[in-house]
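Visitor: Residue 112 in UniProt numbering sits at position 112 of the sequence shown; the count goes up by one each step and never skips. No residue lacks a Cβ here, since even glycine has one placed at the ideal position from N, Cα and C. I have a structure here, written as structure tokens, and I will follow up with some questions on it.
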Amino acid sequence: MVDETVSDIISDASASMIISEALSWIGTPYRHQASCKHAGCDCLGLIRGVYAAFWPEPEQPPTYSPHWAESNSEETLANAAQRYLLPVDRDARAPSNILLFRYKRGFPAKHAGILIDETRFLHAQDGAGVQLVSLSSWWLRHLSYVFAFPPLLNSSQTGIEKK
């Protein structure tokens, strides 16, 4: 069951900081398995890079194919997300949430992005790099999982000093 208090845990300030960091990646070129702002990343590298701006990276991802239309692999991306992120009901998604997509039914989720607002998300795509795009009906049909980043807990993560 999805934790119905996720939106209460992730404050508006935390979501704003995550979105601001994510948007700073716009224009980063596509590089398979990379995660370096302005130098190169893929869709997972974008998520890893934003995560690393606030939390230590929990694990190195295994080698993976750049093709997200593969039917012969496990839910590696979704399983890793479930270990480190907070699951969110698909219809309760909110800005700063991580979106995972599958090419078609029966295939594993192999593409990711970050929801910026109700109608747009940020992702990295071969040939286009990191870009802000419409969360169109096509993307919504392929949306398989939604996760929230962990809450920001202290001033070293938020840059906000306690008084």
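(1) Whether or not the region 35 to 55 and the region 111 to 119 are in contact is what I'm after, with contact meaning three or more pairs of Cβ atoms, one per stretch, closer than 8 Å; do they touch?
(2) Tell me which residue opens and which closes the beta strand (DSSP E) that L143 is part of.
(3) Just the Cα atoms here: how many angstroms apart are P29 and Y51?
(4) Do V88 and A148 have their C-beta atoms within less than 8 Å of each other?
(5) Contact between the region 98 to 105 and the region 134 to 143 is defined here as three or more beta-carbon pairs at a separation below 8 Å; is this criterion met?
(6) Throw me the rounded Cβ distance for the L132 and I18 pair, which I believe falls under 8 Å.
(7) What's the C-alpha gap between A109 and E21?
Guide: This is what the structure holds:
(1) Segments in contact, yes.
(2) For the purposes of this step, residue 143 is identified with residue 143 of the sequence shown, where counting begins at 1. Its beta strand (DSSP E) spans residues 143 to 148.
(3) In the sequence shown, counting from the first residue as 1, residue 29 sits at position 29. In the sequence shown, counting from the first residue as 1, residue 51 sits at position 51. Cα to Cα, P29 sits roughly 18 Å from Y51.
(4) Your numbering for residue 88 matches position 88 in the sequence shown. Your numbering for residue 148 matches position 148 in the sequence shown. Cβ distance < 8 Å, so V88 and A148 count as in contact.
(5) As far as the Cβ criterion goes, the region 98 to 105 touches the region 134 to 143, which means the pair count is three or higher.
(6) Against the sequence shown, residue 132 aligns to sequence position 132. Against the sequence shown, residue 18 aligns to sequence position 18. So it is not a contact: roughly 15 Å between Cβ atoms.
(7) For the purposes of this step, residue 109 is taken as residue 109 along the sequence shown, with counting starting at 1. For the purposes of this step, residue 21 is taken as residue 21 along the sequence shown, with counting starting at 1. Roughly 24 Å between the two C-alpha positions.
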